[in-house]
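To start, the structure under review is shown below, and the notes come after it.
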Amino acid sequence: GAVVSQHPSWVICKSGTSVKIECRSLDFQATTMFWYRQFPKKSLMLMATSNEGSKATYEQGVEKDKFLINHASLTLSTLTVTSAHPEDSSFYICSARVASGRANEQFFGPGTRLTVL
Amino acid sequence: AQTVTQSQPEMSVQEAETVTLSCTYDTSENNYYLFWYKQPPSRQMILVIRQEAYKQQNATENRFSVNFQKAAKSFSLKISDSQLGDTAMYFCAFMVQGAQKLVFGQGTRLTINP
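First to last, the protein sequences are chains A and B.
Reminder that position 86 of the first sequence reads as 87 in this note's numbering, one-by-one numbering, no gaps.
Reminder that position 10 of the second sequence reads as 50 in this note's numbering, one-by-one numbering, no gaps.
What follows is the structure in structure tokens.
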């Protein structure tokens with residue numbers, strides 16, 4: 002149980018285009034999902050916290066107009082990188098927090114590698 | 041603000057040896073959770089072990105155990121009888137009880153050599 006999927010697993014896009022990444026909790030309901038960014042050989046940097054049915058809370062320094070987050074249901078959150086540029090190339094990871102049970106536990110998706118040309 | 045520090049960027053041991061990864065943290069909170077996550081080359085984050093701060097007993101999961109020193113704000117991970125599959129990045133993480141955010145350390149790259 003507690004499986005989180007991400008789609009796509011990797012994507013290459015041209016500079017100036019927008020890319021949408023999906024994060025799904027497959028076998029549980031997630032009231033809260035988190036989006037992280039990870040640079041090569043570096044730690045995870047929290048970008049935003051996404052609560053179902055409400056606006057995401059962004060970390061300091063993260064542009065909310067560039068990284069659009071939608072959490073429309075208890076099993077799906079999306080991250081859209083708008084007008085992507087090469088500096089947005091990175092590994093993006095989502096995690097989901099269960100709505101019941103051990104509420105302090107997060108389950109991570111496998112990540113999405115974004116390359117902007 | 042909470043911070044987590046992993047002072048060992050890289051470690052390397054021989055298969056079957058025991059290795060200890062260090063982690064220290066800084067917080068003014070009294071109730072919190074500590075975690076060790078493993079990130080193998082596949083990049084999938086995997087929870088290795090967790091510790092509730094109110095518990096004095098150190099957590100153990102098979103070959104993995106922690107040494108939790110609350111007063112010293114130290115949370116080290118010991119891997120016994122290391123295996124090739126233990127090769128990965130290991131992240132120490134902290135969460136205040138009742139909060140939502142995980143705060144990660146910088147990570148330690150562990151290599152198990154045959």
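Glycine included, C-beta positions come from ideal geometry on N, C-alpha and C.
Values in this document were obtained by computation on a predicted structure and should not be read as measured data.
Flag this pair as yes or no: are the beta carbons of residue i and residue j separated by less than 8 Å?
i, j, result
"N52(A)", "T32(A)", "yes"
"Q147(B)", "Q46(B)", "The sequence as given places Gly at residue 147(B); Gln does not occur at that position. Yes, the Cβ-Cβ distance between G147(B) and Q46(B) is below 8 Å."
"E57(B)", "Q123(B)", "no"
"S91(A)", "S19(A)", "no"
"Y73(B)", "F115(B)", "no"
"Q30(A)", "T76(A)", "yes"
Just checking my contact of residue i with residue j at CB under 8 Å: how many whole Å lie between their CB atoms?
i, j, result
"A93(B)", "N107(B)", "With a Cβ gap of about 14 Å, A93(B) and N107(B) do not count as contacting."
"Y93(A)", "I22(A)", "6 Å"
"A97(A)", "S26(A)", "4 Å"
"Y3(B)", "A139(B)", "Lying outside 41 to 154, the shown extent of chain B, residue 3(B) is not represented and no answer is given."
"F75(B)", "L87(B)", "6 Å"
"P87(A)", "S6(A)", "About 27 Å separates the two Cβ atoms, so there is no contact after all."
Please compile the residues from chain B whose C-beta is within a distance smaller than 9 Å of the C-beta of residue i.
i, result
"R98(A)", "Q140"
"T33(A)", "Q140"
"P87(A)", "The premise fails here: P87(A) is roughly 21 Å from chain B at the closest Cβ pair, so nothing lies under 9 Å."
Whose C-alpha, out of the options, is nearest the C-alpha of residue i?
i, options, result
"G112(A)", "P81(B), S105(B), S62(B), E101(B)", "P81(B)"
"T127(B)", "L61(B), V44(B), Q42(B)", "L61(B)"
"G110(A)", "Q79(B), P154(B), L117(B)", "Q79(B)"
"S68(B)", "F144(B), V59(B), K113(B), R149(B)", "K113(B)"
"F35(A)", "G17(A), V117(A), V99(A), L115(A)", "V99(A)"
"K42(A)", "Y130(B), D66(B), K118(B)", "Y130(B)"
"T151(B)", "V44(B), V59(B), A41(B), Q42(B)", "V59(B)"
"N119(B)", "V136(B), K110(B), F144(B), I89(B)", "A quick correction: the sequence has Ile, not Asn, at residue 119(B). Nearest C-alpha to I119(B): I89(B)."
"K141(B)", "T50(A), D89(A), C95(A)", "T50(A)"
"N102(B)", "M51(B), V143(B), L117(B)", "L117(B)"
"R149(B)", "Q109(B), V136(B), Q48(B)", "Q48(B)"
"D28(A)", "S10(A), Y37(A), A3(A)", "A3(A)"
"G62(A)", "S74(A), V5(A), R38(A), S55(A)", "R38(A)"
Cβ closer than 8 Å: which chain B residues qualify as neighbours of residue i?
i, result
"Q107(A)", "L142"
"I13(A)", "Within 8 Å Cβ-Cβ: nothing; I13(A) doesn't reach chain B, min ~17 Å."
"T50(A)", "Q140, K141"
"I94(A)", "R83, M85"
"P121(A)", "A question about residue 121(A) goes unanswered here, because the residues of chain A that appear run from 2 up to 118."
List, in order along the chain, the chain A residues whose C-beta lies closer than 8 Å to that of residue i?
i, result
"Q146(B)", "K43, S44"
Residues of chain A with CB closer than 9 Å to the CB of residue i, please, in chain order.
i, result
"F131(B)", "S44, L45"
List, in order along the chain, the chain B residues whose C-beta lies closer than 7 Å to that of residue i?
i, result
"G54(A)", "None at all; the shortest Cβ gap to chain B is about 16 Å."
Self-check item: Positions along the segment 75-89 of chain B whose CB lies within less than 9 Å of some CB in chain A
Solution: Of all residues in the segment 75-89 of chain B, only F75, Y77, Q79, S82, R83, Q84, M85, I86, L87 come within less than 9 Å of chain A when Cβ atoms are compared, listed by chain position.
Exercise. Please name the residues in the segment 55-72 of chain A whose beta-carbon is closer than 7 Å to at least one beta-carbon of chain B, in chain order.
Key: none
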